[in-house]
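Q: Chains as they are written, first to last, in my numbering: chain S, 1 to 98; chain P, 99 to 577.
For glycine and all other residues, C-beta sits at the position ideal for the given N, C-alpha and C.
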């Protein structure tokens, strides 16, 4: 059984990929817990899976595309009403240039 | 009828009484609403089942088949104008502009939206302790968890605060809380119920289903949920109508007991109740044999790659731009994203996003995600092969009875092991039901019955016959 060790740098790298800020206090427990779970998961490395096709979905979804016809969408103001910040007809986000 | 009498009625019985004119839908709604609202107000002093309770009875066509019987709905189903946060702080204040298909189908059939139920954040958890609304308590023992992630739905039904409820199941999130609360929970065949409007966790696994007091109620609720929906490309036309079960015998029904899910890791009291119910099944005429699911012990590992991978992708949409909360003080866009996600997500959700992102990251994809998908193929093959020999597989639903609040929160892996018996069916996309089969130490034990895709009617018949024979008293002290 291999022992997966996720270190501080790896945690910070993955957090960056996930667009997730972690506080200093979250980093070490995250490293420890991810290592433990990955160790358990690594057991599937013991199986011989040569020539086994992957299953991404249990349902056949080929041919599920609908015709490309315009249909009614939610009104803009209804959608914008849920946003934390709006500007006119759009979502407002912070910008260093603003 | 007194208020207590009304709440004793099963949903099927209540719908029939309303249809016959001997019970008022408004009176029934008020009886439940009052109790649900009291639990909501009590907060941590109550069971904390609900995140929202209706102020009054909604306009409902009680001439429909569900006759205005109140329905509690897991928070993660979008309900137009009604708070829907999937148990997360990041969706604080979100009032969806549309309603999930599963819910709208039920309300069109006459169900009346009573309440939204507490859950583990984004359905990630097996104890309902990962909720922005605080933990739910188990009505059988308030110092114990109700299971999760549909813990609020399960506890509400078990405590008589709702006649029935909707939940979702990704790796056991309907079946396990149903087992721990002593009620019935059904995860349908993947694709049977539209996922449109369900706030997604792991899209190749998520399925909506009923949590009910008995098997007939589960059949009635499910019968109005299934069917193809143009808004969910993975939804399927259900091949036949779901019928209310009537079976009392199991003559010739072949039940397989997989040794991989009925041995080590399952606590003795649970195994005892499980084996006693197998004996009852034999007395009803069932033919019981041992079967093998050789890859089932690897299901949990595959699941904890696939589900977090899909979660890390699905939850990318929560970035503080379009809905929910936004962290204050960010000067630029990425800083706003990362701070919002830091503040808005709880610890378990962060852990799974990290796990999924790691498993999908460059250099690890084949070792984790690729392999997990191949294991998923082997698990589905195991089931296909076994269903050539037997009609159904039976296992305990969960390896333990309800455990103490806080008992497993410090050890994610110990928490994940709750899903050991339910995850294989989820990966294979097959239907499975949990029915209460007895008590261990005064706490309910669930029996899981699983069959091939679209066997729901036969599954319900089998569960019904066993339910009658087991005669479980599913009444903890009504609160």
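Give a yes or no on whether the C-beta atoms belonging to residue 352(P) and residue 387(P) are separated by under 8 angstroms.
A: Residue 352(P) sits at position 254 when you count from the first residue of the second chain. Residue 387(P) sits at position 289 when you count from the first residue of the second chain. Result yes, Cβ atoms of residue 352(P) and residue 387(P) sit closer than 8 angstroms.
Q: In three-state terms, what does DSSP make of residue 296(P)?
A: Within the second chain, residue 296(P) is the residue found at index 198, counting from 1. Reduced to three states, the DSSP call for residue 296(P) is strand.
Q: Going by DSSP, what residues sit across from residue 352(P) in a beta bridge?
A: Along the second chain, read from residue 1 onward, the residue named residue 352(P) stands at position 254. In the DSSP output, where bridge partners are listed per residue, residue 352(P) has 385(P).
Q: Taking the alpha carbon of residue 500(P) as the point to measure from, which residue in 346(P), 478(P) and 537(P) has its own alpha carbon closest?
A: For the purposes of this step, residue 500(P) is taken as the residue at position 402 of the second chain. Per the Cα distances, 537(P).
Q: Spell out whether any CB of chain P is found under 8 angstroms from the CB atom of residue 25(S).
A: Position 25 of the first chain, counted from the first residue, corresponds to residue 25(S). With its beta carbon at least 8 angstroms from every one in chain P, residue 25(S) lies outside the interface.
Q: Give every residue of the same chain whose Cβ lies closer than 6 angstroms to the Cβ of residue 555(P), excluding the five residues on either side of it in the sequence, and list them in chain order.
A: Within the second chain, numbered from 1, the residue matching residue 555(P) stands at position 457. Hits under 6 angstroms: 341.
Q: With 8 angstroms as the threshold, decide whether the Cβ of residue 407(P) is near any Cβ in chain S.
A: Counting from 1 along the second chain, the entry for residue 407(P) is found at position 309. No - not a single Cβ of chain S is within 8 angstroms of the one on residue 407(P).
Q: 8 angstroms is my cut-off, CB to CB: does residue 432(P) come that close to chain S?
A: Position 334 of the second chain holds residue 432(P). By this cut-off, residue 432(P) is an interface position.
Q: With DSSP run on the structure shown, which of helix, strand or coil describes residue 221(P)?
A: Position 123 of the second chain, counting from 1, holds the residue named residue 221(P). Residue state, collapsed to three classes: helix.
Q: Residue 313(P): which of 140(P), 372(P), 393(P) and 566(P) sits nearest, CA to CA?
A: The residue you call residue 313(P) lines up with position 215 of the second chain. Of 140(P), 372(P), 393(P) and 566(P), the residue nearest in Cα terms is 566(P).
Q: Which one of 295(P), 113(P), 111(P) and 349(P) has the shortest CA to CA distance from residue 202(P)?
A: What you label residue 202(P) is simply residue 104 of the second chain in a count that begins at 1. Of 295(P), 113(P), 111(P) and 349(P), the residue nearest in Cα terms is 295(P).
Q: If the cut-off is 7 angstroms on Cβ atoms, which residues from the stretch 60-82 of chain S count as contacting chain P, listed in chain order?
A: 61, 64, 66, 74, 78, 79 and 82
Q: Spell out whether any CB of chain P is found under 8 angstroms from the CB atom of residue 8(S).
A: Within the first chain, residue 8(S) is the residue found at index 8, counting from 1. Cβ-Cβ to chain P under 8 angstroms: no for residue 8(S).
Q: I'd like to know if residue 35(S) contacts chain P, where contact means its C-beta is closer than 8 angstroms to some C-beta of that chain.
A: Residue mapping note: residue 35(S) aligns to position 35 of the first chain, counting from 1. No, residue 35(S) does not count as interfacial toward chain P.
Q: Following the continuous beta strand (DSSP E) through residue 493(P), name the residue where it begins and the one where it ends.
A: The residue labelled residue 493(P) in the question sits at position 395 within the second chain. Segment 490-494, the beta strand (DSSP E) holding residue 493(P).
Q: With burial defined as no fewer than 16 other Cβ atoms inside 10 Å of the residue's Cβ, what is the status of residue 72(S): buried or exposed?
A: Against the first chain, residue 72(S) aligns to sequence position 72. By the neighbour-count rule (16 or more Cβ atoms within 10 Å), residue 72(S) is not buried but exposed.
Q: Should the stretch 417-436 of chain P be called in touch with the stretch 481-501 of chain P, which here means at least 3 C-beta pairs below 8 angstroms?
A: No contact exists between the stretch 417-436 of chain P and the stretch 481-501 of chain P.
Q: Please list the terminal residues of the continuous beta strand (DSSP E) segment that includes residue 237(P).
A: Position 139 of the second chain, counted from the first residue, corresponds to residue 237(P). For residue 237(P), there is no enclosing beta strand (DSSP E), as DSSP marks it with neither H nor E.
Q: Taking residue 56(S) as the query, report the chain P residues whose CB atoms sit under 7 angstroms from its CB, ordered along the chain.
A: Position 56 of the first chain, counted from the first residue, corresponds to residue 56(S). Ordered by position in chain P, the residues that pass the 7 angstroms Cβ test against residue 56(S) are 302 and 471.
Q: What are the residues of the stretch 176-203 of chain P that lie near chain S, defined by any Cβ-Cβ distance shorter than 9 angstroms?
A: 191, 192, 193, 194, 195 and 196
Q: Closer than 8 angstroms, CB to CB, is residue 259(P) near chain S or not?
A: Counting from 1 along the second chain, the entry for residue 259(P) is found at position 161. No, residue 259(P) does not count as interfacial toward chain S.
Q: Should the stretch 506-520 of chain P be regarded as contacting the stretch 288-303 of chain P, the criterion being three or more beta carbon pairs within less than 8 angstroms?
A: no
Q: Buried or exposed: where does residue 14(S) fall if 16 or more other Cβ atoms within 10 Å of its Cβ makes it buried?
A: Position 14 of the first chain, counting from 1, holds the residue named residue 14(S). By the 10 Å Cβ count, residue 14(S) comes out buried.
Q: Whole angstroms are fine: how far does the CA of residue 447(P) sit from the CA of residue 453(P)?
A: One-based indexing of the second chain puts residue 453(P) at position 355. One-based indexing of the second chain puts residue 447(P) at position 349. Answer to the nearest angstrom: the Cα atoms are 10 angstroms apart.
Q: Assign residue 563(P) to buried or exposed, taking buried as 16 or more other Cβ atoms, counted over all protein chains shown, within 10 Å of its Cβ.
A: Mapped onto the second chain, residue 563(P) falls at position 465. By the neighbour-count rule (16 or more Cβ atoms within 10 Å), residue 563(P) is buried.
Q: May I ask you to report which of helix, strand or coil DSSP gives residue 29(S)?
A: The residue given as residue 29(S) occupies position 29 in the first chain. In the structure shown, residue 29(S) sits in a helix (DSSP, three-state: H, G or I).
Q: Reducing DSSP to helix, strand and coil, say where residue 126(P) ends up.
A: Against the second chain, residue 126(P) aligns to sequence position 28. Helix.
Q: Given this structure, state the Cα-to-Cα distance separating residue 113(P) from residue 503(P), to the nearest angstrom.
A: Taking the second chain and counting its residues from 1, one reaches residue 113(P) at position 15. Taking the second chain and counting its residues from 1, one reaches residue 503(P) at position 405. Note on geometry: alpha-carbon atoms of residue 113(P) and residue 503(P) lie some 36 angstroms from one another.
Q: In whole angstroms, give me the CA-to-CA distance for residue 349(P) and residue 492(P).
A: By one-based count along the second chain, residue 349(P) stands at place 251. By one-based count along the second chain, residue 492(P) stands at place 394. Spanning the two alpha carbons is a distance of roughly 16 angstroms.
Q: Among 358(P), 474(P) and 362(P), which one has its Cα closest to the Cα of residue 402(P)?
A: Residue mapping note: residue 402(P) aligns to position 304 of the second chain, counting from 1. Among 358(P), 474(P) and 362(P), the Cα nearest to that of residue 402(P) is on 474(P).
Q: Assuming residue 109(P) contacts residue 320(P) under a Cβ cut-off of 8 angstroms, what Cβ separation, rounded to an integer in Å, is found between them?
A: Along the second chain, read from residue 1 onward, the residue named residue 109(P) stands at position 11. Along the second chain, read from residue 1 onward, the residue named residue 320(P) stands at position 222. That pair is no contact at about 12 angstroms.
Q: Whose C-beta lies closer than 6 angstroms to the C-beta of residue 489(P) among residues of the same chain, with five residues either side of it excluded?
A: On the second chain, position 391 is the one that residue 489(P) refers to. Excluding residues within five positions, the ones whose Cβ falls inside 6 angstroms are 351 and 352.
Q: Any Cβ of chain S within less than 8 angstroms of the Cβ of residue 448(P)?
A: Position 350 of the second chain, counting from 1, holds the residue named residue 448(P). So, interface residue.
Q: Contact between the stretch 162-169 of chain P and the stretch 270-280 of chain P is defined here as three or more beta-carbon pairs at a separation below 8 angstroms; is this criterion met?
A: no
Q: Nearest by alpha-carbon distance to residue 476(P): which of 505(P), 227(P), 303(P) and 523(P) is it?
A: Numbered from its first residue, the second chain carries residue 476(P) at position 378. Of the listed residues, the one whose Cα sits closest to residue 476(P) is 523(P).
Q: Counting only runs of 4+ residues fully inside the stretch 482-567 of chain P, write out the alpha helix (DSSP H) ranges in chain order.
A: 510-514 and 521-526
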